[in-house]
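In this text, residue positions in the sequence shown follow the working numbering: the first is -5, and each later residue adds one.
All C-beta atoms, glycine included, are put in the ideal place defined by N, C-alpha and C.
Heads up: the structure comes next, in structure tokens.
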Amino acid sequence: MDQKVIVPVEAVLTQCVSLPVGYVPTPSAPYRQHRKQAQLTLQPGPPRLNDGSGRTLAAVPAGSRMLIWKQDPSVSELGTRKAFVPGLILQGPRDARITFGEPGIAQVSPNAFGDFIVSPNTDQFDAVHTFAIVRMTLTMYQRALASIGTPSPLPWQWNSASNTAPLRVFPHGLPNVMNAYYSRSDTALKFGDFIPSGATERVYTCRSLDIVSHETGHAVLDGLKPQWLLSNNPPQTGGLHESFGDLTAIFLALSQLDQVEAVIAQTKSDLHDKTFLADLAEQFGLALGRPNGLRNADNDIKLSEAGTEVHAISQVFTGAIYDILADIFSHERQPQVEDDAAVLHRCGDYLRGLVLRALLASPNLAASYADVANHMLAIASSDGKAGYLDFIRSSFTRREVLSTTLSAGAGVDMGGEHTAYAPGIVDEAGAVQDRRACCGTMNHAEYSTSDQELDAERAALAAWCRDYACRTE
């Protein structure tokens, strides 16, 4: 019987290091050690001007990896994950369109690999996370326009040929404030933080993907439709702005395959089951004692139930779009042929572009839900999506946005049928927006007529003083 010979590992490793570079045995631990040792002896080659196919290599990094909350700290199922953000990103972080410059937070420098990976629950993490979500939101909508042949960069409201100033981001810009807002006069997004009643742990609104993307949505839409944010519009126009913020959070989640896969697993492909996709700003909602987040996109609110309160009105439009998403996804599903996550990702991509194009096509002032709904029908028809028209019509009809009556002379001809329908419920003449329950953007004084009202009161006081002085002289 042969005796086993035991060879020390050190001897094997030493022998492997001495093997020629061309030696290729079966992969093993000793071989991996040999490869590492051999690579240490290699000298860097000359810089390559192309990759061998004639294509010139980029002179700047392709992008950076950033650690972000995929929803917010309360959605533990997703937690934090790395996201790849393409483009040149410098210390801050900052790029050509978005900059971080909050004085109380030290700027974050990229590591040796050009990435921004810092520990969660720190000021630097908040800076990186917030920048990443704003950047991903802007890129998402730019891609939506590029897909229909409009590759122009989306402007911020103040941008012009002589003003290309970026949007400034302040993750801790509103200490001890239960809100966040976009300000065009400050060219900034500012996020609050607070300690909920009866709690000890501080909630940072900047750590919520939903809240950051919502406020960025206001900034994006303000660049495209500057008049819509002003409070002298009818209530439905205000509802479109607030709804666009919520839909932006939903569309951003649907643009990320890992989140889409989580939605499919969580709901078993039934989007009307409870899901983080429909629950918006979960951590903030929990702080207020609400089990479905700050708002729930999967709702059944009708226009007749919303009144003039913009927060409630916005949920009518958001709920209609969410129902359309669920219907389109159910219609397109073929689980034996294609993975449900891939289908939902594609459906979200199309619906995002459809909504954006319909908003752009709507009036620049006093736009109504019916305006947007009719444009969605017309655009879907021209896209060859005839199978989606019933979903769009029925969703907006249930919500009392559209009636079942065709609007004479205002439709778009599609083989004898017109896609333009008369509005269901319209804003009353002179109706004033009630913005009291909305986000900080909608409540910001710069978008309201409050200063004009104060000026009118001061003018009345001045007139009374003049008249009184005349009577007493």
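Check	Outcome
Tell me, please, whether the stretch 423 to 434 touches the stretch 373 to 388 by the rule of three or more beta-carbon pairs shorter than 8 Å.	no
Within 8 Å, do at least three Cβ pairs link the stretch 237 to 251 to the stretch 127 to 142?	yes
When the Cα atoms are used, what is the spatial distance from Arg346 to Leu396?	21 Å
Taking the alpha carbon of Asp109 as the point to measure from, which residue in Thr74, Val69, Ile83 and Thr93 has its own alpha carbon closest?	Ile83
Fully enclosed by the stretch 356 to 408, which alpha helix (DSSP H) runs are 4 residues long or longer?	363 to 376 and 380 to 392
Cα separation between Asp187 and Met60?	22 Å
Which class does Arg429 belong to by DSSP, given the choice of helix, strand or coil?	coil
Going by DSSP, what residue range makes up the beta strand (DSSP E) through His438?	Note, His438: premise wrong, no beta strand (DSSP E); not H, not E.
Who are the Cβ neighbours of Phe469 in its own chain at under 8 Å, not counting the five residues just before and after it?	Examination of residue 469 is not possible in this model, given that the chain is present from -5 through 467 alone.
Which full runs of the beta strand (DSSP E) of 3+ residues lie inside the stretch 64 to 128, going along the chain?	74 to 80 and 92 to 94
Keeping to the same chain, check which residues put their C-beta closer than 6 Å to that of Arg75; ignore five residues upstream and five downstream.	Lys64
Terminal residues of the continuous alpha helix (DSSP H) containing His305?	Val304 to Glu326
Could you check which residue in Ile386, Gly73, Asn105 and Glu71 has the C-alpha nearest to that of Gly86?	Asn105
Looking only at its own chain, which residues have a Cβ that is under 8 Å from the Cβ of Ala100, when we skip the five neighbours before and after it?	Asp117 and Gln118
Count the other CB atoms within 10 Å of the CB of Tyr332; is the residue buried (16 or more) or exposed (fewer)?	According to the sequence as given, residue 332 is Glu; it is not Tyr. The residue in question, Glu332, is exposed, as its Cβ has fewer than 16 Cβ neighbours within 10 Å.
Please go through the same chain and pick out, in chain order, the residues whose beta-carbon is closer than 7 Å to the beta-carbon of Phe323, but skip the five residues on each side of it.	Leu265, Val337, Leu338 and Cys341
Contact criterion: CB-CB distance below 8 Å. Does Ala416 meet it with respect to chain C?	In the structure shown, chain C cannot be found, because there is only a single protein chain.
Starting from the N-terminal side, write out each stretch of the alpha helix (DSSP H) that is 4 residues or longer and does not extend beyond the stretch 167 to 207.	none
Can you give me the C-alpha to C-alpha distance between Thr391 and Val349, rounded to a whole angstrom?	17 Å
Given a cut-off of 8 Å, decide if Val214 and Leu148 are closer than it, judged by their beta-carbon atoms.	yes
Take Thr443 and list the residues in its own chain whose beta-carbon comes closer than 7 Å to its own, dropping the five residues that flank it on each side.	Ser225 and Asn226
Where does Arg488 sit, in a helix, a strand or coil, going by DSSP?	The question about residue 488 has no answer, for the chain in this structure spans -5 to 467.
Give me the Cα-Cα distance between Gly434 and Thr398, rounded to the nearest whole angstrom.	36 Å
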